[in-house]
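**Q** Got a structure for you, questions after.
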């Protein structure tokens, strides 16, 4: 198995042009490869582009598409925008946290689930909305959240 440093170097090799405009594509490539962006990757990207690590990290944190910790096999995204919030997203969040024993930004110990709360995922007319690995569940209740999470557990054999 190739170690992480070699995998990061391979990604950097795909971007031989040493320009700042390669920063976002580099971050995306690293996240696609690892599922998140590690401190090591941020440092390597900064060196490759002759940018301070703080600039790389600053840009990466500006965009909510980037994650800085490993995501679970099932990445749960709960919308907490105005419409979803008014439709009970707070209760859904409490239930998800209780079911998975994690909080926003965390991953379960077994690596099966991770949780992310977003301010809006753009499905306001279908609130409350939860997305899992690109599959959207809309108009859901606390009971349905339990059923959905349990179905994913069952699908994973856990």
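Residue numbers (this note's numbering): 10 to 167. Every residue gets a Cβ at the ideal spot worked out from N, C-alpha and C, and that includes glycine.
#1: Select from 74, 26 and 61 the residue whose C-alpha is nearest the C-alpha of residue 39.
#2: If you reduce the DSSP assignment to three classes, tell me which class residue 43 lands in.
#3: Is it true that the CB of residue 117 sits closer than 7 Å to the CB of residue 166?
#4: According to DSSP, is residue 123 part of a helix, a strand, or is it coil?
#5: Note down, one range per segment and in chain order, each alpha helix (DSSP H) of at least 4 residues found wholly within the segment 109 to 165.
#6: Throw me the rounded Cβ distance for the residue 105 and residue 158 pair, which I believe falls under 8 Å.
#7: Between the C-alpha atoms of residue 30 and residue 156, what's the straight-line distance to the nearest angstrom?
#8: So for residue 36, helix, strand or coil by DSSP?
#9: Determine the extent of the alpha helix (DSSP H) in which residue 66 is found, giving its start and end residues.
#10: Grab the span of the alpha helix (DSSP H) containing residue 16 for me, first residue to last.
#11: To the nearest angstrom, how far is it from the Cα of residue 10 to the Cα of residue 54?
#12: Rounded to whole angstroms, what is the Cα-Cα separation between residue 109 and residue 137?
#13: Over what stretch of residues does the alpha helix (DSSP H) that includes residue 55 continue unbroken?
#14: When you compare the CB positions of residue 128 and residue 99, do they come within less than 7 Å of one another, or not?
#15: Mind reading off the beta-carbon distance from residue 21 to residue 57? Whole number of angstroms is fine, and I expect it under 8 Å.
**A** Let me spell this out:
#1: 74
#2: helix
#3: no
#4: strand
#5: 151 to 164
#6: 7 Å
#7: 44 Å
#8: helix
#9: 62 to 71
#10: 13 to 22
#11: With a pLDDT of only 40 at residue 10, under 50, the local geometry of the prediction cannot be trusted, and no value is derived from it.
#12: 19 Å
#13: 48 to 58
#14: no
#15: 5 Å
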